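According to our numbering, the residues represented by the sequence shown are 18 to 780, in order.
What follows is one structure encoded as C-alpha cells, with my remarks underneath.
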Amino acid sequence: MSKVKTGSHWGMYTVDVEDSKVVDVEPFHKDPHPSQLIEAIPSAVHAENRIMRPMVRKGWLNRGCESDTAGRGVEPFIAVSWDTALDLLAAELQRVKSTHGNQAFYASSGWGSAGCFHTAEGQLKRFFNCFGGFVGQVTNYSFGAASVIVPRILGTMEPVLGQITSWPTIGQHTDLMVLFGGMSPKNAQVNKDGIGAHDSSDWLEQVCAAGVKFVCISPLRGDGGAVNADWLPIRPNTDTALMLGLMHTLATEDLHDTAFLARYCVGFERFQDYLTGNVDGVAKSADWAAQITEIDAATIRSLARRMAAGRTMISVSWSVQRADHGEQPYWMAATLAAMLGQIGLPGGGFGYGYGSSNGGRPKMRLPSPRLPTGSNPVNAFIPVARVTDMLMNPGAHFEFNGQELTYPDIHLVYWCGGNAFHKQQDINKLLQAWRKPDTIVIHEPWWTAAARRADIVLPCATSLERNDIGATSSDRFWFAMQQAIPPIGEARTDYDIYTALAERLGFQEVFTEGRTEDAWLRHLYEEARQQVGEHNLELPGFEQFWEIGHVEFPVPEDPPVLFASFREDPDTNPLMTPSGRIEIFSETIDGFGYDDCLGHPAWFEPAEWLGSERTKQYPLHLISNQPRARLHSQLDGGVVSQASKVSGREPVWINPQDAAARGILDGDVVRLYNDRGTCLAGALVTDEIRHGVVQLATGAWYDPLEPGAVGSLDKHGNPNVLTMDKGTSKLAQSTSAQTTLVEIERYEGPVPELTVFAPPEID
Ligand SMILES: Nc1nc2c(c(=O)[nH]1)N[C@H]1C(S)=C(S)[C@@H](COP(=O)(O)OP(=O)(O)OC[C@H]3O[C@@H](n4cnc5c(=O)[nH]c(N)nc54)[C@H](O)[C@@H]3O)O[C@H]1N2
Ligand SMILES: Nc1nc2c(c(=O)[nH]1)N[C@H]1C(S)=C(S)[C@@H](COP(=O)(O)OP(=O)(O)OC[C@H]3O[C@@H](n4cnc5c(=O)[nH]c(N)nc54)[C@H](O)[C@@H]3O)O[C@H]1N2
Ligand SMILES: [Mo]
Numbered sequence: 018m019s020k021v022k023t024g025s026h027w028g029m030y031t032v033d034v035e036d037s038k039v040v041d042v043e044p045f046h047k048d049p050h051p052s053q054l055i056e057a058i059p060s061a062v063h064a065e066n067r068i069m070r071p072m073v074r075k076g077w078l079n080r081g082c083e084s085d086t087a088g089r090g091v092e093p094f095i096a097v098s099w100d101t102a103l104d105l106l107a108a109e110l111q112r113v114k115s116t117h118g119n120q121a122f123y124a125s126s127g128w129g130s131a132g133c134f135h136t137a138e139g140q141l142k143r144f145f146n147c148f149g150g151f152v153g154q155v156t157n158y159s160f161g162a163a164s165v166i167v168p169r170i171l172g173t174m175e176p177v178l179g180q181i182t183s184w185p186t187i188g189q190h191t192d193l194m195v196l197f198g199g200m201s202p203k204n205a206q207v208n209k210d211g212i213g214a215h216d217s218s219d220w221l222e223q224v225c226a227a228g229v230k231f232v233c234i235s236p237l238r239g240d241g242g243a244v245n246a247d248w249l250p251i252r253p254n255t256d257t258a259l260m261l262g263l264m265h266t267l268a269t270e271d272l273h274d275t276a277f278l279a280r281y282c283v284g285f286e287r288f289q290d291y292l293t294g295n296v297d298g299v300a301k302s303a304d305w306a307a308q309i310t311e312i313d314a315a316t317i318r319s320l321a322r323r324m325a326a327g328r329t330m331i332s333v334s335w336s337v338q339r340a341d342h343g344e345q346p347y348w349m350a351a352t353l354a355a356m357l358g359q360i361g362l363p364g365g366g367f368g369y370g371y372g373s374s375n376g377g378r379p380k381m382r383l384p385s386p387r388l389p390t391g392s393n394p395v396n397a398f399i400p401v402a403r404v405t406d407m408l409m410n411p412g413a414h415f416e417f418n419g420q421e422l423t424y425p426d427i428h429l430v431y432w433c434g435g436n437a438f439h440k441q442q443d444i445n446k447l448l449q450a451w452r453k454p455d456t457i458v459i460h461e462p463w464w465t466a467a468a469r470r471a472d473i474v475l476p477c478a479t480s481l482e483r484n485d486i487g488a489t490s491s492d493r494f495w496f497a498m499q500q501a502i503p504p505i506g507e508a509r510t511d512y513d514i515y516t517a518l519a520e521r522l523g524f525q526e527v528f529t530e531g532r533t534e535d536a537w538l539r540h541l542y543e544e545a546r547q548q549v550g551e552h553n554l555e556l557p558g559f560e561q562f563w564e565i566g567h568v569e570f571p572v573p574e575d576p577p578v579l580f581a582s583f584r585e586d587p588d589t590n591p592l593m594t595p596s597g598r599i600e601i602f603s604e605t606i607d608g609f610g611y612d613d614c615l616g617h618p619a620w621f622e623p624a625e626w627l628g629s630e631r632t633k634q635y636p637l638h639l640i641s642n643q644p645r646a647r648l649h650s651q652l653d654g655g656v657v658s659q660a661s662k663v664s665g666r667e668p669v670w671i672n673p674q675d676a677a678a679r680g681i682l683d684g685d686v687v688r689l690y691n692d693r694g695t696c697l698a699g700a701l702v703t704d705e706i707r708h709g710v711v712q713l714a715t716g717a718w719y720d721p722l723e724p725g726a727v728g729s730l731d732k733h734g735n736p737n738v739l740t741m742d743k744g745t746s747k748l749a750q751s752t753s754a755q756t757t758l759v760e761i762e763r764y765e766g767p768v769p770e771l772t773v774f775a776p777p778e779i780d
C-alpha cells in the first residue's frame with residue numbers, strides 16, 4: 018500500500034493506494050475542519066460510470082457534421098481507438114475553421130478540478146488560442162451581475178473577490194453584522210483551486226466570542242450558520258426593497274451620514290428623490306418594504322436604528338445577485354452602507370460574499386503558479402449565461418453593459434471542465450439549442466448528462482491520475498498533487514489530448530513549448546517561486562516542495578480594511594469610477610438608457626416572485642442553492658452525495674405548512690413543475706425554510722424519463738429543468754437562477770428508476 022498526497026477544491030488529503038486502486042482518504046493533518054466531501058473520492062474515481070474509451074455518437078460516426086442532431090442523448094455510442102477519435106476530431110476542427118472561421122467555435126469550461134497546470138479551462142483556452150481563437154465568454158455564473166455593476170459603481174472588484182474587511186478586524190470593531198443571503202457554512206467547504214485549512218468556522222467563533230451580533234436575512238434559517246443570528250425570513254428576491262425600507266427610515270429619522278455622502282459619493286440627491294417618492298409618488302418606506310418582503314415594518318425600522326447605532330458590517334451573498342435584476346441589491350447595499358457612513362472604517366461598510374467563498378479570511382494574495390493561456394484572436398464573445406440564446410439565435414442582436422452585440426453563428430461546441438446540463442438554466446430550452454451545432458465535443462472523466470449528449474466524447478484523467486500543483490492566491494497553502502493511480506481505462510489528461518490534436522493540426526510545438534508534464538510543473542513552480550521571492554518570501558526548490566507535499570505561508574497579519582485609503586483621502590486615492598467617488602448615480606449607466614437598470618439603484622419586480630400574479634399557478638418560490646454534499650454536479654455519484662438523497666432523489670426542502678396543504682409527508686417522492694419543466698425529488702419537511710419557499714440544491718444529474726425529449730420528466734431532481742433562462746438585465750445579462758416559481762405535488766405513480774449513474778448504451 019502506498020500513500021500519495023494531493024488536493025482538490027474542497028481540501029488537501031492523502032490517499033491510500035492498493036493495487037492501483039484508491040482505497041481510503043485521510044485529510045491533511047493541518048486542516049482543522051476537513052470537508053466530508055473528500056470521503057467521496059474513492060467511490061467516484063472508480064465508479065462504474067467512468068468513461069473508459071473514446072466514444073463517438075453513432076449518427077455522428079456515420080454522417081459526421083451532417084448527422085441528425087436530435088440523436089444526441091438518444092443514440093448509442095460507438096467506442097473507437099484514440100487515433101480514430103483524434104483524426105476525426107482534428108479533421109472536423111479543420112473543416113469548421115476553413116469553412117466558417119474561428120468565430121464558429123464555442124469553447125467553454127467550468128470548475129473542472131484543482132491544479133495549476135492541468136486546469137481544464139486553461140488548457141482549453143491555450144489550445145484554442147494557439148488554433149486561431151474561439152468565441153469566448155465574459156462574466157460568470159457565480160457573480161456575473163456583480164462583475165459588471167460593481168466596477169461601474171466602485172471602480173474595483175475588490176469587494177467581491179479581493180480582501181474584504183477580514184474576520185480579525187470584524188471581531189475587534191464590529192457591533193452588528195447584517196447578512197443578506199446569510200453566510201451558509203456549507204459553502205465554506207469549497208475554495209476554487211484549493212484550501213489547505215478550513216478555518217472559517219474558527220474565525221467565526223472568535224468573532225462571536227468578541228460579542229459581534231448577527232442578523233440573517235434569508236428564506237433559510239440555517240444560512241445564519243453557527244453564529245446564532247436573528248433570522249428574518251425574507252421573501253426571495255426582495256432584498257432591494259428591504260434595503261430601501263431601511264434607508265427610508267435612516268433618511269426620515271436623520272440617521273444618515275450626510276457628510277460622508279457629500280464627500281465620498283456622487284448622486285445621493287437624485288437617489289433620494291426616488292427613495293422619498295418625489296419622482297414616482299411612492300415613498301419606499303418601511304411600510305412599503307414590509308408588503309414586498311413580508312418582514313414587518315416595525316422590524317425594519319428597528320433594524321435600521323440598530324444599524325445606525327453602532328459599527329455595522331453589511332454582507333451580501335453572491336446568491337442574492339443570481340436573480341432577475343441581480344445588479345440592484347449589490348448597488349443598493351453599497352448605497353445603504355454609504356448612508357451609514359462607515360465605509361472604509363474598521364469593521365464597518367460592506368462586503369460581498371462573506372459566506373460565499375470563504376470571504377473574510379485574511380488572504381495571502383501572492384502570485385501562484387499559472388499556466389499561460391495566450392490571447393484570443395477572435396473578439397466575438399457572450400456573457401456566459403447567454404449560451405442558449407446564442408446557439409438558438411445566431412445573428413440576433415443583444416445588449417450588454419453599454420454595447421450592442423450580435424450572437425455569433427456557432428458550428429462546433431467544445432466543452433472541457435464544465436457541465437452545461439448542470440450550470441445552465443432552463444434545461445428544456447438548452448436541449449433545443451443543443452441540436453443546433455454541427456458537432457459537440459467534450460472531455461470528461463464521467464458519463465455526466467453533458468457527456469451523454471455530446472458527439473465526440475474523450476475520456477479524461479481525474480486529478481488522481483496525473484501530477485500537478487495546487488495553488489491559488491486566495492489560500493495560504495500550495496500543495497503537490499501527486500499521481501496516485503494510472504489513468505482509468507484509456508483515459509488521458511486534457512494536456513495529452515490537446516497535444517495529440519495540436520500535432521495533427523500542425524501547432525504542437527507552440528502548444529507544448531517542448532515540455533512534458535514534469536517539465537511544465539518545474540517551470541511553473543520556478544516562475545512563481547521567483548515572483549514570490551520578490552515579496553521577500555523564500556520557497557524551497559521544486560524537489561523539496563514535491564517531497565514535503567506542500568508550502569505553507571503564514572496567516573497574514575493586519576489585512577487591510579476595505580476602502581480605508583479611499584476614506585483617508587479620496588482626492589489622493591480616488592476610486593476608479595468616472596467621478597472617483599462611489600457612484601450612487603452613474604451617468605454612464607444612465608446614458609445606456611436601459612429600462613431594466615436605471616442611473617441609480619431601484620426596486621424592480623422580478624419576473625417571478627411571491628408577489629406576482631403567477632403565484633396563482635405556481636405558488637412556491639424555488640431556491641436552487643449550492644449543494645452541501647458535493648461541488649455542483651461533481652461527486653453526485655459518490656457516497657457523500659448519495660447518502661444525502663431522500664428516497665433516492667435529490668432532497669427538496671419544504672415548510673410543514675406548505676407540505677400539509679399538499680398532503681406531502683417527509684420522505685415522500687414529490688413532483689415539482691412549472692411551464693418550463695418538471696422533476697421528481699424527495700421531500701424533506703422542515704421549518705428551517707420559510708413558508709412559500711422550497712429549496713432544491715443544484716447538481717443532481719439530469720436524468721430524464723425520455724432522453725432527448727424536450728419537457729420530459731427529470732427523475733432525479735435537477736432544479737435547472739425549472740429555472741428561468743433570462744438575463745439579469747441589459748447591463749450584466751447574468752443568470753437569474755434564483756428567480757423561479759414552481760408548484761409541488763405528491764408523486765402518485767410508480768417511481769421510475771434512476772439510470773444516469775450507469776454508462777449509456779454503447780454499441
Ligand atoms: N439553478 C442554479 N444553477 C446554477 C447555480 C445556481 O445557484 N442555481 N450556480 C451556478 C454557479 S455559481 C456555478 S459556478 C456553476 C458551476 O457549473 P460547472 O462548473 O459547469 O459545474 P461542475 O459540476 O463543477 O462541472 C465541472 C465538470 O468538469 C468535470 N471535470 C473535473 N475535472 C476535470 C478535468 O480535469 N478535465 C475535464 N475535462 N473535466 C473535468 C467534472 O466531472 C464536471 O462534469 O453552476 C451554476 N448553475
Ligand atoms: N458545498 C459547496 N460549497 C460551495 C459550492 C458547492 O457547489 N458546494 N459552490 C461554490 C460556488 S461555485 C459559489 S459561486 C459559492 C456561492 O455562494 P452563494 O451564492 O452564497 O451560495 P448559495 O448556496 O447559492 O446561496 C446562499 C443562500 O442564499 C439564500 N438566498 C437565495 N436567494 C436569496 C434571496 O433572494 N434573498 C436572500 N436574502 N437570500 C437568498 C439561500 O437561502 C441560500 O442558501 O458557493 C461555493 N461553495
Ligand atoms: Mo459559482
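In this text, a Cβ means the ideal position worked out from N, Cα and C, and glycines have one as well.
All figures in this text were calculated on a predicted structure; none of them were measured in a lab.
Tell me the rounded alpha-carbon separation between residue i and residue j.
i	j	result
R238	V686	24 angstroms
P473	L106	The question names Pro, but residue 473 in the sequence shown is Ile. Each residue's alpha carbon lies about 8 angstroms from the other.
R469	P777	7 angstroms
K440	G161	13 angstroms
G149	V568	37 angstroms
F94	E461	15 angstroms
L689	Q643	18 angstroms
A137	S126	7 angstroms
G610	I309	26 angstroms
Q140	P389	9 angstroms
T695	A57	29 angstroms
K446	Q634	21 angstroms
Which partner residues does residue i have in the DSSP bridge list?
i	result
I473	V73, V458
M194	F231, M330
Cβ of residue i versus every heavy atom of ligand 2: is any distance shorter than 7 angstroms?
i	result
S336	yes
P203	As written in the sequence, residue 203 is Lys, which differs from the Pro given in the question. Yes - ligand 2 has a heavy atom lying nearer than 7 angstroms to the Cβ of K203.
G391	no
V232	no
G199	yes
N737	no
V568	no
I212	no
Contact check, residue i vs residue j under 8 angstroms by CB: the rounded distance?
i	j	result
V229	D192	7 angstroms
F398	V165	So it is not a contact: roughly 13 angstroms between Cβ atoms.
P379	D219	Incorrect: roughly 12 angstroms between the Cβ atoms, too far for contact.
F583	G361	6 angstroms
For the beta strand (DSSP E) that contains residue i, what are its first and last residues?
i	result
S25	19 to 25
S125	122 to 125
C696	695 to 702
Is residue i near ligand 3, judged by its Cβ being under 7 angstroms from some heavy atom?
i	result
S130	no
S164	no
S650	no
S159	yes
When you measure from the CB of residue i to every non-hydrogen atom of ligand 1, does any distance come out below 7 angstroms?
i	result
K747	no
R339	yes
E461	yes
In the DSSP assignment, find the alpha helix (DSSP H) that holds residue i and state where it starts and stops.
i	result
M264	256 to 269
S596	It is not in any alpha helix (DSSP H) - S596 carries neither H nor E in the DSSP assignment.
V404	404 to 409
D780	No alpha helix (DSSP H) contains D780, which DSSP labels as neither H nor E.
T605	604 to 609
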